[in-house]
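Protein chains: 2
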Amino acid sequence: MKEHSVTIYDISEQAGVSIATVSRVLNNSSNVSEATKKKVLNAIKDTGYTPNAFARGLGLNTMKTIGILAADSSDLYLAKAIYYFEEELRASGYDSLLCCTGYAHKDKKAAIELLISKKVDGIILVGSNFVYPDVADNKYILSAAEKVPVMLLNAELEGNNIYCVSSDDYKSMYKATGELIGSGFRNILYFYNSLSYSGALKERGYRDAMKDAGINVVERQLQFFEGTREDVHGMAAQLEKTASTGLKFNAVIAADDTLALSAVKYALSKGYKIPEEFSVIGYNNSMLATCSEPELTSIDNKLETLCQKLTATLMGVLSGEEMPKKTIFGGEIVTRGTTKGGTSK
Amino acid sequence: MKEHSVTIYDISEQAGVSIATVSRVLNNSSNVSEATKKKVLNAIKDTGYTPNAFARGLGLNTMKTIGILAADSSDLYLAKAIYYFEEELRASGYDSLLCCTGYAHKDKKAAIELLISKKVDGIILVGSNFVYPDVADNKYILSAAEKVPVMLLNAELEGNNIYCVSSDDYKSMYKATGELIGSGFRNILYFYNSLSYSGALKERGYRDAMKDAGINVVERQLQFFEGTREDVHGMAAQLEKTASTGLKFNAVIAADDTLALSAVKYALSKGYKIPEEFSVIGYNNSMLATCSEPELTSIDNKLETLCQKLTATLMGVLSGEEMPKKTIFGGEIVTRGTTKGGTSK
DNA sequence: ATCTCTGTTGTAAACGCTTTCAGCTTTTTT
DNA sequence: AAAAAAGCTGAAAGCGTTTACAACAGAGAT
């Protein structure tokens, strides 16, 4: 299998030119006469030669590769983002090296270092759970940015060589909460499962919307779900338990569609009429939104646009252009069966 | 940014040893005294040195990297598989280079060649849509296998250096169809969206089960959905349309949970009682199964086990061991709300 | 006919690491 | 105490590219 593979020397010999010329043809650089070019190309075809990426990388010091880091590629939202990134990067002539780190800090750090040692030309951190509330914990990102540009999706961090593209989670959540309030709901539960950067924004959006409407929020109204991100049963059970302890709520605003879906399940099991007696708004407008019955009203933050913008920014940075360090896109509420039209009750 | 980075020479100088010794410490190979080892490690820490993967690769001719190819990382099932592979590979000291190819043949071929040019040590093809019914179309896999081992998940292809690990889709589908028949259903629709290798197996399972039960199948009973894999509405609409043309069916067996979910939606919209008047069985037992209401009976083919087995096989191959070229795992039916217990009606 | 310029090609030195081989220093054996 | 073995270390030769530099031919200018 791993015999002596064809090298540039073999080509040079067969074509009767020097290796420099072969290399020039390979990179179709500078001036090579048509005649020799043809000879070389023929030899390449004959031998089935493919350049050795290592050697090439050694010389060029770039692999034309971008490292993508995501906590969990099986998360619907992250998976979609990864897909878009892959697509955009390939279109720009870059390949991607994906690492799924899991949610532990140590692993994230190790993964980022690994990518750098693989000589990626840039790093994309997908999802806000790479940025911690405690600034000291983000040092690992800063030191990565000393070597290659670091792009953050849906998170913000100031630093040299760090660029952020994110959705306006604060405003989206503020608006969505406002819509529930506008429909006459006051006992609105906020259901979340991530303490990430954007998670904090969402929470603030919820709190501010409630406050601005003059509604008092008790801490138990913010329910944190600790289980896995797919455990719909567990989520519904937590709502059930919360209700059974006496907290009243007839609307749920969720930080994620899965959580929202569990709220629908819960409400149905209680016999509530949706959306009249019980409303739900999800987040991300994933395919789950149309899977649910009734279908979920959900916040769409135009992931594809975000990913495109982020990739474009990265490409700009790599080619030495000055690029905006922070870009924010607004989201929109996609109204479906779990909320009323939005007119006040 | 891209200043002169720290090399093994800097370390050797700072530690007062030769580069050979540094290299030895790096690979914790052979015999290095504790004292010098410590000196070197300190120097490494001080300088923040990371080895250059290219140079290393040039010497070793391996990047310790496995290429993972999947058509679409945002497909729930594939995403999950990718996640497991990443995890397993990392545990074995390998990194992964992921390429999402899309569903077009040309792109798959290009992606596989790209991976090889990046000097991956092996390739994993995730999902059966890499193997075509027409043998000639699979040549691109065979020629990849001339360079590195190729692993197939849920597909089969004979060839040197090709290894397959798959679920027993034929048997699972046969059993599942049989279960519906056993519950008294005869007008069972088969709903699918992929012409892949495993897709063909599933179809055959369905057909044989029907035949063995003495039930005649008309071609319109096999419904192929052409739209995107997430378009639940479109799927339900197709069922609706099929029914409106006069074809009667009161059970659906789907090649995928999303399809099954759309069948549930359809049945509910028609006012059928599930599972008594209308039953549904999905495939893959994804999170969608528990999202649906009622929840989906679905076939679980133990993806994690498959992925572990596949990775283990690959590791074996890479270390020169003789490995089975074909491994098949049986699946099991997870019964939930869309089917009766299984006792005959 | 000489000189300069331009276009094309070859030579050789990097790039940063691994690894063989040989040499030196210990330790163990006899 | 001498000989043999074992343990460490360093020098140097690759690995397959890219690229700066030199060289050389032929064309145009003088």
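First to last, the sequence lines map onto chains A and B. Count along the first sequence from 1, then add 4; that gives the number in this note's numbering. Count along the second sequence from 1, then add 4; that gives the number in this note's numbering. Glycine residues also receive a C-beta, built at the ideal position from the N, C-alpha and C atoms. Source: prediction; values computed, not measured.
8 Å CB neighbourhood of residue i in its chain, flanking five on each side removed
i, result
"residue 299 of chain B", "293, 340, 341, 342"
"residue 322 of chain A", "125, 126, 153"
"residue 82 of chain A", "74, 75, 76, 130, 131"
"residue 61 of chain A", "67, 123"
"residue 56 of chain B", "9, 11"
Residue i to residue j span [Cα, whole Å]
i, j, result
"residue 21 of chain B", "residue 42 of chain B", "12 Å"
"residue 173 of chain B", "residue 161 of chain A", "47 Å"
"residue 3 of chain B", "residue 316 of chain B", "This structure cannot settle anything about residue 3 of chain B, because the visible part of chain B is limited to 5 through 349."
"residue 183 of chain A", "residue 276 of chain B", "34 Å"
"residue 201 of chain A", "residue 142 of chain A", "12 Å"
"residue 179 of chain B", "residue 344 of chain B", "15 Å"
"residue 121 of chain A", "residue 99 of chain B", "12 Å"
"residue 123 of chain B", "residue 139 of chain A", "38 Å"
"residue 259 of chain A", "residue 279 of chain B", "33 Å"
"residue 53 of chain A", "residue 310 of chain B", "35 Å"
"residue 208 of chain B", "residue 283 of chain A", "44 Å"
"residue 328 of chain B", "residue 137 of chain B", "23 Å"
"residue 272 of chain B", "residue 265 of chain A", "18 Å"
"residue 63 of chain B", "residue 50 of chain A", "27 Å"
"residue 79 of chain A", "residue 220 of chain A", "33 Å"
"residue 241 of chain A", "residue 225 of chain A", "16 Å"
"residue 167 of chain A", "residue 38 of chain A", "44 Å"
"residue 270 of chain B", "residue 295 of chain B", "16 Å"
"residue 146 of chain B", "residue 164 of chain B", "8 Å"
"residue 281 of chain A", "residue 185 of chain A", "13 Å"
"residue 291 of chain B", "residue 235 of chain A", "8 Å"
"residue 29 of chain A", "residue 9 of chain B", "30 Å"
"residue 325 of chain A", "residue 119 of chain A", "23 Å"
"residue 243 of chain A", "residue 217 of chain A", "24 Å"
"residue 331 of chain A", "residue 169 of chain B", "44 Å"
"residue 59 of chain B", "residue 58 of chain A", "7 Å"
"residue 151 of chain B", "residue 11 of chain A", "15 Å"
"residue 356 of chain B", "residue 25 of chain A", "Shown here, chain B extends from 5 to 349; a query on residue 356 of chain B therefore has no answer."
"residue 238 of chain B", "residue 245 of chain B", "10 Å"
"residue 23 of chain B", "residue 97 of chain B", "24 Å"
Close beta carbons around residue i, own chain, < 7 Å, minus the five adjacent residues each side
i, result
"residue 48 of chain A", "15"
"residue 90 of chain B", "100"
"residue 6 of chain B", "At residue 6 of chain B, the pLDDT of 42 sits below 50, so the modelled position is not reliable and the matter cannot be decided from this model."
"residue 116 of chain A", "73, 127, 144, 148"
"residue 233 of chain B", "79, 197, 262"
Nearest candidate by alpha-carbon position, reference residue i, set the options
i, options, result
"residue 93 of chain A", "A:23, A:17, A:308, A:61", "A:308"
"residue 114 of chain B", "B:90, B:75, B:88", "B:75"
"residue 188 of chain B", "B:65, B:254, B:272, B:107", "B:254"
"residue 109 of chain A", "A:135, A:84, A:97, A:260", "A:135"
"residue 213 of chain B", "B:230, B:191, B:229", "B:191"
"residue 198 of chain A", "A:230, A:167, A:223", "A:230"
"residue 181 of chain A", "A:84, A:203, A:165, A:211", "A:211"
"residue 302 of chain B", "B:318, B:312, B:268, B:26", "B:268"
"residue 2 of chain B", "B:235, B:193, B:239, B:55", "This structure cannot speak to residue 2 of chain B, because chain B is shown only from 5 to 349."
"residue 205 of chain B", "B:158, B:247, B:217", "B:158"
"residue 319 of chain B", "B:232, B:95, B:32", "B:95"
"residue 155 of chain B", "B:247, B:314, B:249", "B:314"
"residue 88 of chain A", "B:106, B:59, B:26", "B:106"
"residue 312 of chain B", "B:84, B:203, B:133, B:250", "B:84"
"residue 17 of chain A", "A:31, A:33, A:46, A:32", "A:46"
Cβ separation of residue i and residue j, assumed to be a contact under 8 Å, to the nearest whole Å
i, j, result
"residue 289 of chain A", "residue 338 of chain A", "5 Å"
"residue 86 of chain A", "residue 70 of chain A", "Contact doesn't hold; Cβ gap of about 12 Å is too wide."
"residue 286 of chain A", "residue 171 of chain A", "At roughly 14 Å, the Cβ-Cβ gap does not stay under 8 Å, so residue 286 of chain A and residue 171 of chain A are not in contact."
"residue 19 of chain B", "residue 36 of chain B", "About 11 Å separates the two Cβ atoms, so there is no contact after all."
Same chain only: Cβ atoms within 6 Å of residue i, ignoring 5 sequence neighbours per side
i, result
"residue 102 of chain B", "72"
"residue 195 of chain B", "227, 256, 258, 263"
"residue 349 of chain B", "Reliability of the predicted coordinates at residue 349 of chain B is poor, the pLDDT of 34 falling under 50, and no value is obtained from them."
Cβ-heavy atom distance, residue i to the ligand MN, below 7 Å
i, result
"residue 325 of chain B", "Among the ligands in the structure shown, none appear at all, so the ligand MN cannot be discussed."
Original post:
What runs of the alpha helix (DSSP H), each 4 residues or longer, lie entirely inside the segment 13-64 of chain A?
Top reply: Listed in chain order, they are 23-30, 38-51, 57-64.
**OP:** Enumerate, from N- to C-terminal direction, the unbroken alpha helix (DSSP H) stretches of 4 or more residues contained entirely within the segment 117-195 of chain B.
**Re:** Segments of the alpha helix (DSSP H) lying fully in the segment 117-195 of chain B: 143-149, 173-186.
Original post:
At what residue ranges does the segment 301-333 of chain B contain a whole run of the alpha helix (DSSP H), taking only runs of 4 or more?
Top reply: DSSP runs (the alpha helix (DSSP H)) wholly in the segment 301-333 of chain B: 307-322.
Subject >> Length at least 4, wholly inside the segment 181-267 of chain A: the alpha helix (DSSP H) runs in chain order >> reply: At a cut-off of 4 residues, the continuous stretches assigned as alpha helix (DSSP H) that sit fully inside the segment 181-267 of chain A are 201-216, 236-248.
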